[in-house]
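Some notes on the structure that comes next.
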Amino acid sequence: MSTRPQQDQPDAGDQARGRRETSDERADRRWGELMQEIRVAQTGVQILFGFLLTVVFTPRFSDLSTTDTTIYIITVSLGAAATGALIGPVSFHRIVAGRRIKPQAVVWASRLTFLGLLLLLATLTSALLLVLRVATHDDYVPWLVSGLVLWYLLCWYVLPLWVRRRYTNGDDR
62 MSTRPQQDQP
72 DAGDQARGRR
82 ETSDERADRR
92 WGELMQEIRV
102 AQTGVQILFG
112 FLLTVVFTPR
122 FSDLSTTDTT
132 IYIITVSLGA
142 AATGALIGPV
152 SFHRIVAGRR
162 IKPQAVVWAS
172 RLTFLGLLLL
182 LATLTSALLL
192 VLRVATHDDY
202 VPWLVSGLVL
212 WYLLCWYVLP
222 LWVRRRYTNG
232 DDR
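Here the sequence shown stands for residues 62 to 234, numbered as in the working numbering.
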């Protein structure tokens, strides 16, 4: 008879698939994976946000139309929100560390990350719209941006969801 609490026993489903980890070990693994994913997204959103912040100080900024200025303000706001959501899991972890709630922290940090990726998609969409409007002034810009957004959706959501559905039984471990 084991002296470990039931929650620390390896999950039978995990054992059948070859992974022998306790719920705490699973939470540690999932946290590490999440942090690696966030590092990639954080870097991209922070660089984009940094560049967006400098635009207002360029000489051409005052030449933007009211519509383009509005798109810029929306883009910067979305970039700030994406940055907050993608950095949020780090702060979240720091605040709840040592409280023995890592499985719950992983779930909430994953939700913040997903929200951050949605906001990053919106930021990229808005930034592309602004840059291409200013660069070309052509009527095809919304169509081009729409095509790129569809590409992002395919790469970021449709393909992973299709693979998840096709190759798993719905278990999200």
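C-beta atoms are modelled at their ideal positions from N, C-alpha and C, and glycine is treated no differently.
Legend entry - C-beta atoms of Leu220 and Val206 nearer than 7 Å: Not closer than 7 Å, so no.
Legend entry - Backbone secondary structure at Glu82 - three-state DSSP: When DSSP states are grouped into helix, strand and coil, Glu82 belongs to the coil group.
Inset, instruction - Take the Cβ of Met62 as the centre, count every other Cβ of all protein chains shown within 10 Å, and call the residue buried at 16 or more, exposed below. - result: Here Met62 scores only 44 on pLDDT, less than 50, and its place in the model should not be relied on; the value that follows carries that caveat. By the neighbour-count rule (16 or more Cβ atoms within 10 Å), Met62 is not buried but exposed.
Inset, instruction - Check whether the Cβ atoms of Leu139 and Leu191 sit closer than 7 Å, and answer yes or no. - result: Not in contact: Leu139 and Leu191 (Cβ atoms no closer than 7 Å).
Inset, instruction - Can you have a look at Gln67 and say buried or exposed, based on whether 16 or more other CB atoms are within 10 angstroms of its CB? - result: For Gln67, the pLDDT reaches just 46, beneath the cut-off of 50, and the residue's location in the model is therefore unreliable, although a value from the coordinates is still provided. Burial state of Gln67 is exposed, judged by a 10 Å Cβ sphere holding fewer than 16 other Cβ atoms.
Legend entry - Whole-angstrom C-beta distance between Val167 and Leu95, which should lie under 8 Å: With a Cβ gap of about 7 Å, Leu95 and Val167 count as contacting.
Legend entry - Residue environment, Gly170, which counts as buried when at least 16 other CB atoms sit within 10 Å: Note that residue 170 corresponds to Ala in the displayed sequence, not to Gly. So Ala170 ends up on the buried side.
Inset, instruction - Find the nearest neighbour of Gly111 within the set Trp212, Thr136 and Arg225, judged by alpha-carbon distance. - result: With distances taken between Cα atoms, Gly111 lies closest to Thr136.
Legend entry - DSSP state of Tyr218 mapped onto helix, strand, coil: Residue state, collapsed to three classes: helix.
Inset, instruction - Let me know the secondary structure DSSP gives Ser123 once reduced to three states. - result: Of the three classes helix, strand and coil, the one that applies to Ser123 here is helix, per DSSP.
Legend entry - Extent of the continuous alpha helix (DSSP H) to which Phe175 belongs: It spans Lys163 to Thr197 - the alpha helix (DSSP H) in which Phe175 sits, taken as one unbroken run.
Legend entry - Simplified DSSP assignment, three categories, for Gln67: With a pLDDT of 46 at Gln67, under the threshold of 50, the modelled position of that residue is not reliable, and the figure given next carries that caveat. DSSP places Gln67 in helix when its eight states are reduced to three.
Legend entry - Euclidean distance between Cα positions of Ser123 and Val116: Straight-line spacing of the CA atoms in Ser123 and Val116 works out to 10 Å.
Inset, instruction - Enumerate in chain order the residues of its own chain whose CB-to-CB distance from Thr64 is below 6 Å, with the five nearest sequence positions on each side excluded. - result: Here the model assigns Thr64 a pLDDT of 46, short of 50, so the residue's position is not dependable, and the following value carries that caveat. Excluding positions up to five away in sequence, the list is empty.
Inset, instruction - Give me the Cα-Cα distance between Val101 and Thr128, rounded to the nearest whole angstrom. - result: A straight-line Cα-Cα distance of about 32 Å links Val101 and Thr128.
Legend entry - Sub-7 Å separation of Val210 and Thr186 beta-carbons: Going by C-beta atoms, Val210 is nearer than 7 Å to Thr186.
Inset, instruction - Report the residue from Ile99, Ala88 and Thr131 whose alpha carbon sits nearest the alpha carbon of Ala143. - result: That would be Ile99, whose Cα lies nearest to the Cα of Ala143.
Legend entry - Gly159 (DSSP reduced to helix, strand or coil): In the three-state reduction of the DSSP assignment, Gly159 falls in the coil class.
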